[in-house]
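Okay, structure first, notes after.
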Amino acid sequence: MIRIIFRKELKEIFRTAKLSWMIIGLLVLTALSVYNGYTYYTTHSQLLQESQATTYQQFISQGNKNPHLGAHFGFYAYKPTADLAMIDNGIEDYTGNSFYLEPHKRGIIKFREVTDATSLKSFGFFNIAYLIQFIFPLFVFLICHNIFSKEWENGTIKMLLGAGAGKFQLYAGKLLACMAVIFMIAGIIILAAFILMVACTSTILPGFTIYAAGVCIFAVIMTSIAVSVSLITRSATLSLVILSGFWLTGVFLIPRLSAEISRHAYPAITSVEFEENIFREMQYGVNGEGHKDERREKLLQRTLAEYHVDSIQQLPVFFIPITIEYFEESDGKVMDRAYTAIENNQAKQDAMVRMLALFSPFLAFRDFSMHMTATDMNTHNDFAEKAEMHRRKMGVIVDDFYQHHVEATNDFWKTVPQFSYQPPGIARRVTAASGALTILGCWILAAIGLMFFSYRKLSV
Numbered sequence: 000m001i002r003i004i005f006r007k008e009l010k011e012i013f014r015t016a017k018l019s020w021m022i023i024g025l026l027v028l029t030a031l032s033v034y035n036g037y038t039y040y041t042t043h044s045q046l047l048q049e050s051q052a053t054t055y056q057q058f059i060s061q062g063n064k065n066p067h068l069g070a071h072f073g074f075y076a077y078k079p080t081a082d083l084a085m086i087d088n089g090i091e092d093y094t095g096n097s098f099y100l101e102p103h104k105r106g107i108i109k110f111r112e113v114t115d116a117t118s119l120k121s122f123g124f125f126n127i128a129y130l131i132q133f134i135f136p137l138f139v140f141l142i143c144h145n146i147f148s149k150e151w152e153n154g155t156i157k158m159l160l161g162a163g164a165g166k167f168q169l170y171a172g173k174l175l176a177c178m179a180v181i182f183m184i185a186g187i188i189i190l191a192a193f194i195l196m197v198a199c200t201s202t203i204l205p206g207f208t209i210y211a212a213g214v215c216i217f218a219v220i221m222t223s224i225a226v227s228v229s230l231i232t233r234s235a236t237l238s239l240v241i242l243s244g245f246w247l248t249g250v251f252l253i254p255r256l257s258a259e260i261s262r263h264a265y266p267a268i269t270s271v272e273f274e275e276n277i278f279r280e281m282q283y284g285v286n287g288e289g290h291k292d293e294r295r296e297k298l299l300q301r302t303l304a305e306y307h308v309d310s311i312q313q314l315p316v317f318f319i320p321i322t323i324e325y326f327e328e329s330d331g332k333v334m335d336r337a338y339t340a341i342e343n344n345q346a347k348q349d350a351m352v353r354m355l356a357l358f359s360p361f362l363a364f365r366d367f368s369m370h371m372t373a374t375d376m377n378t379h380n381d382f383a384e385k386a387e388m389h390r391r392k393m394g395v396i397v398d399d400f401y402q403h404h405v406e407a408t409n410d411f412w413k414t415v416p417q418f419s420y421q422p423p424g425i426a427r428r429v430t431a432a433s434g435a436l437t438i439l440g441c442w443i444l445a446a447i448g449l450m451f452f453s454y455r456k457l458s459v
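Numbering that gives the first Met the number 0 puts the first residue of the sequence shown at 0, with every later residue one more than the last.
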């Protein structure tokens, strides 16, 4: 009987003109998202690679200079385009992609694409992830909102139950029919994402399989909710209104509300306060370290004692690069504390937003999507940390050379390594996405509970 009901529902769904137009619309939207994802990935990848090579080539061919002055010439460290950014570019356009490497100060990541964009950027970039997160649920709701309610409105529910179909058989047949259609739609999107990934990277990335599994979980949640609401309301119009309200609340209201709540609960320090705190700690030290002049004098005395000489003129090395390297390390600790505090505050804000995703599966899937495609804030902070480590490594190389030489040639500049960044591996991404996966798991349990509740309403 389940098979009969399943086939009946599939025929009715595919017979409607609504589904035909939806499939056409889906193919058009999928093609547009694939095109946008391909152009975004290829354009950004090529631009960042060329910029990285150009700035480094300029650095290593700057000619004869004082080592410290040449180090200030610097070069940019660029964050490469994430391997799955063709599917979801996450926060990439808002965080910037370049980190300037020069002595004394940690760089600020620049060149945010959103600064050059029009106001339309506020609606988001239309790619595969956008299609899945925002448009795909509407397809689910439009297909499933009347799967049960039509039976009550047409008066055929008594005929079905009277013809020997049990409650479970009727429920299972209709649910499976909806699942089959929705998974067909999800399969089209996943296939398009797979083709796009192979076209951009010429390989199958391990994170894609987990991403596709997440899409299937999201599809199950949306379908279960839609079918349950159709059964509970017994009205196609009311069902569509409730599901539309659920979509609007989850997609627009809760994300904005969660951002405001987290911002007020854990306010971020202003840039002015941040710079003032760093300057004060660098100049006057922390934990009784003393002013920079006092620390410089102590360093001089230690250096003189180390080389067993009485004056700075008798040193066999230049004292200035020793001073630079010492304060690079000291100031680096100050900056590490300051940036760690910012990252910890961001983590608290993200945790609060994630908790509010208990009220929006769309928000939970967005968090999962960004983590799996390495376009999230964790990856951004990891890039900034690796770039800062490279900046300090560059400073040590230059200062060590400067202790014995007053002029550097291109042969020396070539000893300063090029920057290279690899985003976190699949294990770290899954760990970072564990919170979002837990929330999606809670939504699966909620959807199952809603199905049991609606099943009990299946009576005449």
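Don't be surprised by glycine CBs; every beta carbon is placed ideally from N, CA and C.
Exercise. Contact between the stretch 201 to 213 and the stretch 32 to 41: three or more CB pairs below 8 Å?
Worked result: no
Problem set entry | Through-space distance from Gln348 to Thr94, alpha-carbon basis | 16 Å
Exercise. Nearest-angstrom Cα distance between Ile187 and Gln132?
Worked result: 15 Å
Problem set entry | Whole runs of the beta strand (DSSP E) within the stretch 31 to 119, excluding any shorter than 3 residues | 74 to 77, 97 to 100
For this session: Grab the span of the alpha helix (DSSP H) containing Asn344 for me, first residue to last.
Result: 318 to 355
For this session: For the alpha helix (DSSP H) holding Gly213, just list the boundary residues, first then last.
Result: 205 to 232
Problem set entry | CA nearest to the CA of Ile189, picked from Ile241, Thr29, Ser453, Ile22 | Thr29
Problem set entry | Supposed contact pair Ser453 and Leu230 - C-beta distance, whole angstroms, cut 8 Å | 4 Å
For this session: Could you say which of Phe364, Gly206, Phe358, Phe124 lies nearest to Val214 if we only look at CA atoms?
Result: Phe364
Exercise. Are the stretch 10 to 20 and the stretch 40 to 50 touching, with three or more C-beta to C-beta distances below 8 Å?
Worked result: no
Exercise. With 16 as the cutoff for other CB atoms within 10 Å, does Lys173 come out buried or exposed?
Worked result: buried
Problem set entry | Host alpha helix (DSSP H) of Gly434 (start-end) | 433 to 455
Exercise. Beta carbon of Phe60, beta carbon of Tyr75: below 8 Å?
Worked result: The sequence shown places Ser at residue 60, not Phe. No; because the gap between Cβ atoms is not below 8 Å, this pair is not in contact.
Problem set entry | 4-residue-minimum alpha helix (DSSP H) runs that sit fully inside the stretch 119 to 201, ordered along the chain | 135 to 143, 148 to 153, 156 to 161, 166 to 200
Exercise. Which value, in whole angstroms, describes the spacing of the CA atoms of Ile237 and Val226?
Worked result: Looking at the sequence shown, residue 237 is not Ile but Leu. If I take the Cα positions, the gap works out to 13 Å.
Problem set entry | Nearest-angstrom Cα separation, counted from Glu327 out to His103 | 6 Å
Problem set entry | Per DSSP, the bridge partner or partners of Ala407 | Lys64
For this session: Pick helix, strand or coil for Pro423, following the three-state DSSP scheme.
Result: coil
Exercise. Is Tyr265 helix, strand or coil when you go by DSSP?
Worked result: coil
For this session: Keeping to the same chain, check which residues put their C-beta closer than 6 Å to that of Ala218; ignore five residues upstream and five downstream.
Result: Ile181, Ala185
Exercise. At which residues does the alpha helix (DSSP H) containing Ser497 begin and terminate?
Worked result: Residue 497 lies beyond the stretch modelled for the chain, which goes from 0 to 459, so this question has no answer here.
Problem set entry | Pairwise C-alpha distance: Phe318 and Leu303 | 10 Å
Exercise. Would a C-beta distance cut-off of 8 Å place Pro136 and Phe367 closer than the cut-off?
Worked result: no
For this session: Grab me the residues of Pro66's own chain with a C-beta within less than 6 Å of its C-beta, minus the 5 sequence neighbours each way, in chain order.
Result: Val397, Phe400, Tyr401, Ala407
Exercise. From Lys149, Pro320, Ile311, Thr378, pick the residue whose C-alpha is nearest to that of Gly81; which is it?
Worked result: The amino acid at residue 81 is misidentified as Gly; the sequence shows Ala. With distances taken between Cα atoms, Ala81 lies closest to Thr378.
Problem set entry | Inter-residue spacing [alpha-carbon to alpha-carbon] between Gly165 and Ile1 | 9 Å
Problem set entry | Whole runs of the beta strand (DSSP E) within the stretch 354 to 383, excluding any shorter than 3 residues | none
For this session: Within the same chain, show all residues whose beta-carbon is closer than 7 Å to that of Gly331, passing over the 5 residues directly before and after it, in chain order.
Result: Arg391
Exercise. Looking only at C-alpha atoms, which of Thr42, Asn63, Leu26, Ile4 sits nearest to Asn409?
Worked result: Asn63
Exercise. Using the beta-carbon count (16 or more within 10 Å), is Glu293 buried or exposed?
Worked result: exposed
For this session: Output the residue ranges of the alpha helix (DSSP H) runs that lie fully inside the stretch 276 to 314 and measure 4 residues or longer, sorted by chain position.
Result: 291 to 306
Problem set entry | Interface flag, Pro315 vs chain D, CB-CB below 8 Å | The chain labelled as chain D is not found in the depicted structure, where only one protein chain is given.
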